[in-house]
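See structure below.
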Amino acid sequence: MSGVSGIVALLQSAAVPPLAKPVIGGVAVGYFIIVAVIGIWATRKTKSAADFFVAGQGLGLFTLAIAAMAATLSGFAFIGGPGLVYSLGLGAVFIILPAALTNSMGAWVLAKRLRLLAEVREMITIPDAIGARFQSPLAQGLAGVAIVLAVIGYMATNLLALGLVIDAIFGIGRTPAIWIGTLIILAYSVSGGILAGIYNDVFQGVLMAVASTFVFSFALQAGGGLSGISQTIMAQDPAILGPWGKLTPLAALSFFFVFGLGSLGQPHVAHKFFMLKDARRLKWFPLVMTFALFLTLLLFVGVGLVVKALVLSGRMAPLGTADDATPTFLLQFTSLPLAAVVFSAVAAAIMSTVNSFMSIGSAAITHDLPVAFGWRVKDELRWGRIWTVVLTLGAAVVAQASGTLVAFLGVFGWGLFASTLVPSLALGLNWQGATRAGSVWSILTGLVITLTLESLSFFKVFSFPSGVTATAIALVASLLVFVAVSWLTRATAAATLSPDVRAVMEA
Amino acid sequence: MAVALPVCMVAMMTFGAVRNGRRVGALALPFALVFALVTGGFLLAMALPPDRAGDALWLGLPRRAAVILYGVGLLPLFVLPLAYALTFDALTLSDEDIARVRAARTETLGESPRGHR
Numbered sequence: 001m002s003g004v005s006g007i008v009a010l011l012q013s014a015a016v017p018p019l020a021k022p023v024i025g026g027v028a029v030g031y032f033i034i035v036a037v038i039g040i041w042a043t044r045k046t047k048s049a050a051d052f053f054v055a056g057q058g059l060g061l062f063t064l065a066i067a068a069m070a071a072t073l074s075g076f077a078f079i080g081g082p083g084l085v086y087s088l089g090l091g092a093v094f095i096i097l098p099a100a101l102t103n104s105m106g107a108w109v110l111a112k113r114l115r116l117l118a119e120v121r122e123m124i125t126i127p128d129a130i131g132a133r134f135q136s137p138l139a140q141g142l143a144g145v146a147i148v149l150a151v152i153g154y155m156a157t158n159l160l161a162l163g164l165v166i167d168a169i170f171g172i173g174r175t176p177a178i179w180i181g182t183l184i185i186l187a188y189s190v191s192g193g194i195l196a197g198i199y200n201d202v203f204q205g206v207l208m209a210v211a212s213t214f215v216f217s218f219a220l221q222a223g224g225g226l227s228g229i230s231q232t233i234m235a236q237d238p239a240i241l242g243p244w245g246k247l248t249p250l251a252a253l254s255f256f257f258v259f260g261l262g263s264l265g266q267p268h269v270a271h272k273f274f275m276l277k278d279a280r281r282l283k284w285f286p287l288v289m290t291f292a293l294f295l296t297l298l299l300f301v302g303v304g305l306v307v308k309a310l311v312l313s314g315r316m317a318p319l320g321t322a323d324d325a326t327p328t329f330l331l332q333f334t335s336l337p338l339a340a341v342v343f344s345a346v347a348a349a350i351m352s353t354v355n356s357f358m359s360i361g362s363a364a365i366t367h368d369l370p371v372a373f374g375w376r377v378k379d380e381l382r383w384g385r386i387w388t389v390v391l392t393l394g395a396a397v398v399a400q401a402s403g404t405l406v407a408f409l410g411v412f413g414w415g416l417f418a419s420t421l422v423p424s425l426a427l428g429l430n431w432q433g434a435t436r437a438g439s440v441w442s443i444l445t446g447l448v449i450t451l452t453l454e455s456l457s458f459f460k461v462f463s464f465p466s467g468v469t470a471t472a473i474a475l476v477a478s479l480l481v482f483v484a485v486s487w488l489t490r491a492t493a494a495a496t497l498s499p500d501v502r503a504v505m506e507a
Numbered sequence: 001m002a003v004a005l006p007v008c009m010v011a012m013m014t015f016g017a018v019r020n021g022r023r024v025g026a027l028a029l030p031f032a033l034v035f036a037l038v039t040g041g042f043l044l045a046m047a048l049p050p051d052r053a054g055d056a057l058w059l060g061l062p063r064r065a066a067v068i069l070y071g072v073g074l075l076p077l078f079v080l081p082l083a084y085a086l087t088f089d090a091l092t093l094s095d096e097d098i099a100r101v102r103a104a105r106t107e108t109l110g111e112s113p114r115g116h117r
């Protein structure tokens, strides 16, 4: 999940082994050419801010579902995730386990409301939805601030990861690789906006799902089937296949909570609901997205477990770092062309996520922050492009910094999204008793608690007990504040709800 | 926590599925089933004795791992998206719902729906 990319960004910062093999480089070049062609096509179709930020609200079901899936998963699903399964066992699976519920939960809680809001109001950003729901430019502006803060960290971690992948493929050094990766994404994002991003997401999402499925079958073959893998692991390291892996039950369940409920506050996924052409197409959205996500996550579990079995049985040398699990398995136990496709899929996963962050970050600056101050940028398309460049270059500069700093910035990204946006979106769009004050105070609570706790933890002022995370604390606190303040100010609830928004909430 | 988390997640789904104070109707069954699967999975994983090498596997996995991966992670994948699709017209969104929303837009802002685009 994209949150995964933030929470465990540090895991992505470990370099994959050098792979300067011509086949891998050739496939990667071919992949980048396809991305460029899609970008050029999208540029010709991008003529307005609505095209640039919400793809002209003309997406079909399949496009929406695959693009949402691709944006949800970053390179972590291919590199950091299997590494985490290798080292922590089933405990790491609790990061993706809520996916069984979250796509459908998001459809019931958010998809219909957000899509219908786009039917009655001009919706470009998720803070737009919060502003419309509560008739509050302040709430919209605060949500925009949270998004900008989170996006820079998220983008930096992903650009660093992309640089590492490009460096591993072409062997050109980390810094040049980061800049080349940044320029490739910028080229298609600035010109084609979210339209280029969406159709690249579809290409990248299909690539990720197909590659993952093939790798999973290779994993089963190499390990002697699931039974063979289990028997090998149980004989030597049974804790890996315990229900919580090497985590405590509290830590595993905490993952389930944070990545489950927190999924409702991810703006780069949620804003895609605005883009669906026909609201009634949402009917099959959870099924299509869940199926695609299931296929793409097979690699996450399969490679992590089979590499552990292969190492325990002596068929593979112990890994230098856990993140070597996927590259090492690919190079030793699959065909070279498949390995090449998977390395391109890793780049694809990262690029699709970064593009989504570019879009919501520049939209927050171009659109939401001015709205908070009561004015509107005249040429949002032009300024959207300019801020996309500024934000991305800023993130690329941050990505050059120490891995620890980049990891820190990535860590609070997911928490900031979840704690600031979940109450106003998930509760606010479904509860007519929610109030403007509740929304404003919950967003402020999420901002303050997340930034304070993550900073204190980063500077080692204190450490959380095992299984307790700043994100979980901030999310619970902002939900409680939202409900409590809304109840205390309940007399104002009706006044913060316009008739058309009420109709959306009652539909 | 093993019970509170599924309660929280299923309550959120129910909250989103409830329309204008009406009951969730046919969705009650899939919601109850998913709650039972997830809660039951967590509790069973805690209650079962630790697996040892040589114990029988359930579909290729030790029992407690199978309960988590198949029970909590896999089975709800089949239940919820299908429940959403099969009840969508009756319980989630119909053409009449969209028409009502568009009418409210016209009434409130005096413009034709999506006329701003």
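Residue numbers (my numbering), protein chains in the order written: chain A, 1 to 507; chain B, 1 to 117.
Even glycine gets a Cβ: it sits at the ideal position worked out from N, Cα and C.
In this text, all values refer to a predicted model and were calculated from it rather than measured experimentally.
Item: Measuring CA to CA, which of Q400(A), I34(A), P127(A), F32(A) is closest to G428(A)?; Value: P127(A)
Item: Taking only the alpha-carbon atoms, compute the straight-line gap between Q533(A) and G314(A) and give it to the nearest angstrom.; Value: A query on residue 533(A) cannot be resolved here, the shown segment of chain A reaching from 1 to 507 and no further.
Item: T328(A) to M208(A), Cα distance in whole Å?; Value: 18 angstroms
Item: Just to make sure I have the definition right: I need the residues of chain A whose C-beta is within less than 7 angstroms of the C-beta of A53(B). Which are they?; Value: M234, A235, P238
Item: Just checking: is the beta-carbon of P564(A) within a distance shorter than 8 angstroms of some beta-carbon in chain B?; Value: Since the first residue of chain A shown is 1 and the last is 507, residue 564(A) is not available in this structure.
Item: Measuring only the C-alpha atoms, how far is A53(B) from A222(A)?; Value: 20 angstroms
Item: Tell me the DSSP secondary structure of W431(A) in three-state form.; Value: coil
Item: Is L97(A) helix, strand or coil by DSSP?; Value: coil
Item: Using 8 angstroms as the limit for Cβ to Cβ distance, is E454(A) near chain B?; Value: no
Item: To the nearest angstrom, how far is the alpha carbon of P81(B) from that of I147(A)?; Value: 29 angstroms
Item: Using a 10 Å radius around the Cβ and a threshold of 16 neighbouring Cβ atoms, would you call D379(A) buried or exposed?; Value: exposed
Item: When DSSP labels each residue in this structure, what does A15(A) get in the three-state scheme?; Value: Low local confidence applies: a pLDDT of 46 at A15(A) is under 50, so the model's placement there is unreliable, with the coordinate-based value given in what follows. A15(A): coil per DSSP, three-state reduction.
Item: Around the C-beta of A495(A), are 16 or more other C-beta atoms found within 10 angstroms, so that it is buried, or is it exposed?; Value: exposed
Item: According to DSSP, what are the bridge partners of W127(B)?; Value: A query on residue 127(B) cannot be resolved here, the shown segment of chain B reaching from 1 to 117 and no further.
Item: Counting only C-beta atoms, is T39(B) closer than 8 angstroms to chain A at any point?; Value: no
Item: Which value, in whole angstroms, describes the spacing of the CA atoms of G193(A) and A17(B)?; Value: 33 angstroms
Item: Measuring alpha carbon to alpha carbon, tell me which of A477(A), W244(A), A129(A), V215(A) ends up nearest P337(A).; Value: V215(A)
Item: Check whether chain A comes within 8 angstroms of V72(B), counting only Cβ atoms and requiring the distance to be less than that.; Value: yes
Item: Cβ closer than 8 angstroms: which chain A residues qualify as neighbours of F35(B)?; Value: What F35(B) touches in chain A: nothing, since even the nearest Cβ is about 10 angstroms away.
Item: Can you find the residues in the same chain that come closer than 7 angstroms, C-beta to C-beta, to V472(A), ignoring five residues on each side of it along the sequence?; Value: The amino acid occupying residue 472(A) in the given sequence is Ala; Val does not appear at that position. So the qualifying residues of the chain are S254, F257, V258.
Item: Report all residues from its chain with a CB closer than 6 angstroms to the CB of V67(B); omit the five preceding and five following residues, and keep chain order.; Value: G41, L44, A45
Item: For chain B, check one thing: does any of its Cβ atoms lie closer than 8 angstroms to the Cβ of P499(A)?; Value: yes
Item: Let's test the definition: count the other Cβ atoms within 10 Å of the Cβ of E107(B) and tell me whether it reaches 16, buried, or not, exposed.; Value: exposed
Item: At a CB-CB cut-off below 8 angstroms, which residues of chain A make contact with P50(B)?; Value: P238, G242
Item: List, in order along the chain, the chain B residues whose C-beta lies closer than 7 angstroms to that of L226(A)?; Value: G60, L61
Item: Going by other Cβ atoms of all chains shown within 10 Å of its Cβ, with 16 needed for buried, is F462(A) buried or exposed?; Value: exposed
Item: Could you tell me the alpha carbon to alpha carbon distance between L480(A) and F62(A), rounded to whole angstroms?; Value: 37 angstroms
Item: Can you check which of these residues, D201(A), A239(A), N430(A), V37(A), is closest to F134(A) by C-alpha distance?; Value: N430(A)
Item: For V67(B), which residues in chain C fall below 9 angstroms Cβ to Cβ?; Value: Reference to chain C is not applicable here, since the protein chains of this structure are A and B.
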